[in-house]
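This report concerns only the one structure given below.
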Amino acid sequence: MTQTTEHHPERTKRNVILVGVAGVGKTTLGKLAAEKLEMSFVDVDMGFEDVESSDIDTLLDRYGEGEFDDRLLNYFSEIISRENHTIFAAPARVTHYKRFWEVVRENGVSIHLQGKPMEVYMRQDMRVMGRKLTEKEKLKKQWKREFYDYYWWRLGHCQKADYMLKIVGNKQTDTENLCKKITEIIPMDISEKDGVQNL
């Protein structure tokens, strides 16, 4: 008998897709939650880099933004279609595409990790003309304003997720809260999943 997610009975796959602005903690928290819940974990950006044998910046230069995004979405669609009971850290840069959300809803449930803008901003690696800004430079109004424009625009697209989880900035607390959220929306008594115990 096929099991479904508790609040989305039409969805039979139990993947969890974490969305949020860059730097909010999708990879760190997703990996920790996957370990605690005995789920698999995939960082889509890192997986794409492995497949392409190159880093994101180089790939953007090679393909241009349009083709890069198309290739990244193709990779995401392919990898998630093969997985079940897996946590995915989704690439922030493609959350404004309709196709991204179609793939997400076909293959699991999504959780928007929403952090405090300033905390997320200070974790960002910001570069100007190829040079990484120092923390002191990042406090200048012009760079903060640029980030906040990006943050609120990206946030609007991430709010299309099925669920939202506020990030408080404490790794242990945030991991515990994410695990709790996942167990609320996905049945964990998965007898057909090898190695997974009732939680």
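Quick note on numbering that gives the first Met the number 0: the sequence shown kicks off at 0 and runs consecutively.
For each residue, glycine too, the CB sits at the ideal point set by N, CA and C.
Predicted model only: the values in this text are computed from it and were never measured.
Taking a contact to mean a Cβ-Cβ separation below 8 Å, would you say residue i touches residue j in this structure?
i, j, result
"residue 180", "residue 162", "yes"
"residue 174", "residue 32", "yes"
"residue 204", "residue 106", "Coverage of the chain is limited to positions 0 through 198, which leaves residue 204 absent and any answer about it impossible."
"residue 87", "residue 79", "yes"
"residue 64", "residue 55", "no"
"residue 82", "residue 39", "yes"
"residue 140", "residue 100", "no"
"residue 184", "residue 89", "no"
"residue 76", "residue 102", "yes"
"residue 226", "residue 178", "What the structure shows of the chain is the stretch from 0 to 198, and residue 226 is not part of that stretch, so it cannot be assessed."
Since residue i contacts residue j with CB under 8 Å, what's their CB separation in whole angstroms?
i, j, result
"residue 85", "residue 18", "In fact, because the Cβ distance is near 15 Å, the residues do not count as touching under 8 Å."
"residue 154", "residue 50", "At roughly 29 Å, the Cβ-Cβ gap does not stay under 8 Å, so residue 154 and residue 50 are not in contact."
"residue 22", "residue 167", "Not a contact, Cβ separation roughly 15 Å."
With 16 as the cutoff for other CB atoms within 10 Å, does residue i come out buried or exposed?
i, result
"residue 24", "buried"
"residue 150", "buried"
"residue 60", "exposed"
"residue 194", "Here residue 194 scores only 37 on pLDDT, less than 50, and its place in the model should not be relied on; the value that follows carries that caveat. When all chains shown are included, residue 194 counts as exposed."
"residue 148", "exposed"
"residue 43", "buried"
"residue 138", "exposed"
"residue 165", "exposed"
Item to complete: Specify whether the segment 19–29 and the segment 111–123 touch according to this definition: at least 3 beta carbon pairs, one from each stretch, less than 8 Å apart.
Response: yes
Practice prompt. Report the residue ranges of all alpha helix (DSSP H) runs contained in full by the segment 26–112; include only those spanning at least 4 residues, in chain order.
Written response: 43–51, 55–81 and 97–106
Item to complete: Kindly provide the ranges of any beta strand (DSSP E) runs that are 3 or more residues long and lie completely inside the segment 136–172, ordered along the chain.
Response: 162–165
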